[in-house]
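Per the working numbering, residue 5 is the first one in the sequence shown, and the count goes up by one each step. For every residue, glycine included, the Cβ atom is placed at its ideal position computed from N, Cα and C. Following: one structure in structure tokens, then a few remarks.
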Amino acid sequence: MTQSEKDVIYKEYNRKVFYYFIGKRISEEDAEDLTANVFLKFYDKSESFDPSKASPSTLIYRIAHNTLIDFWRVRKQHSELDEDIAYKDETLDNILTEETLTELGHALMRLEERARALVVLVYYDNKTLKEAAEILKISYSNSKIIMKKALSELKDFLS
Numbered sequence: 005m006t007q008s009e010k011d012v013i014y015k016e017y018n019r020k021v022f023y024y025f026i027g028k029r030i031s032e033e034d035a036e037d038l039t040a041n042v043f044l045k046f047y048d049k050s051e052s053f054d055p056s057k058a059s060p061s062t063l064i065y066r067i068a069h070n071t072l073i074d075f076w077r078v079r080k081q082h083s084e085l086d087e088d089i090a091y092k093d094e095t096l097d098n099i100l101t102e103e104t105l106t107e108l109g110h111a112l113m114r115l116e117e118r119a120r121a122l123v124v125l126v127y128y129d130n131k132t133l134k135e136a137a138e139i140l141k142i143s144y145s146n147s148k149i150i151m152k153k154a155l156s157e158l159k160d161f162l163s
């Protein structure tokens with residue numbers, strides 16, 4: 005595989021791999037590092053890669069998946085601290101929680117009234133989506149559509 009072919013593949017898949025990691029709730033810094041590792045591994049294996057057997061995306065996805073598994077395996081080993089050893093600053097947690105709740109409240113207020121009511125019933129009142137739909141007198145299938153849209157809007161508002 006030539007360097008120009010590697011460059012084309014990198015440009016095409018770099019952001020996709022990065023957002024794959026972001027979608028798995030990896031921090032941006034770690035996602036950048038993991039993405040770089042994926043392409044280093046891909047370049048190492050590119051000489052033995054046969055495009056007639058699979059597309060580059062297949063190999064890149066497999067490398068990304070295995071890199072993620074390795075990341076979590078290492079992270080798990082380092083995060084298992086004894087509770088007596090682990091330090092927890094509750095003041096910072098309380099401030100972050102208050103800020104997060106305030107942001108969430110503002111984001112909820114930006115939703116359409118029916119969508120806001122649905123989110124509150126499901127996530128605050130612990131109702132099932134079906135129960136919430138009955139309370140709001142809407143069909144269950146419509147409630148799924150409204151909820152999906154509301155959660156997407158909340159995600160956009162909060163990012």
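Short Cβ contact (8 Å threshold) for residue i with residue j
i       : j       : result
Met-151 : Leu-162 : no
Phe-43  : Ala-35  : no
Ala-119 : Leu-140 : no
Val-12  : Ala-68  : no
Leu-112 : Thr-71  : no
Ile-64  : Tyr-127 : no
Lys-10  : Ser-50  : yes
Sequence-distant residues of the same chain with beta carbon closer than 7 Å to residue i, five excluded per side
i       : result
Phe-107 : Looking at the sequence itself, residue 107 is Glu, so the reference to Phe does not match. The residues are Leu-162.
Glu-157 : Leu-115
Residue i to residue j span [Cα, whole Å]
i       : j       : result
Arg-19  : Ser-52  : 24 Å
Ala-136 : Trp-76  : 36 Å
Val-124 : Glu-117 : 11 Å
Ser-59  : Asn-41  : 19 Å
Ile-149 : Leu-155 : 10 Å
Gln-7   : Lys-28  : 30 Å
Leu-100 : Asp-129 : Summary for Leu-100: the model assigns pLDDT 44, below 50, so the residue's position carries little reliability, and this model does not support an answer.
Ser-230 : Ser-56  : No information on residue 230 is available, as it lies outside the stretch 5 to 163 that the chain covers here.
Asp-160 : His-110 : 12 Å
Val-78  : Asn-146 : 43 Å
Tyr-23  : Lys-45  : 18 Å
Lys-153 : Ser-61  : 30 Å
Lys-131 : Glu-138 : 10 Å
Cut-off 8 Å between Cβ atoms - residues of its own chain near residue i, not counting five sequence neighbours on either side
i      : result
Glu-32 : Ile-26
Ile-30 : Leu-38, Leu-72, Phe-75
Same chain, Cβ closer than 6 Å to residue i, neighbours up to 5 away in sequence not counted
i      : result
Asp-48 : none
At 4 residues or longer, what runs of the alpha helix (DSSP H) sit wholly inside the stretch 21-83? 32-49, 60-83
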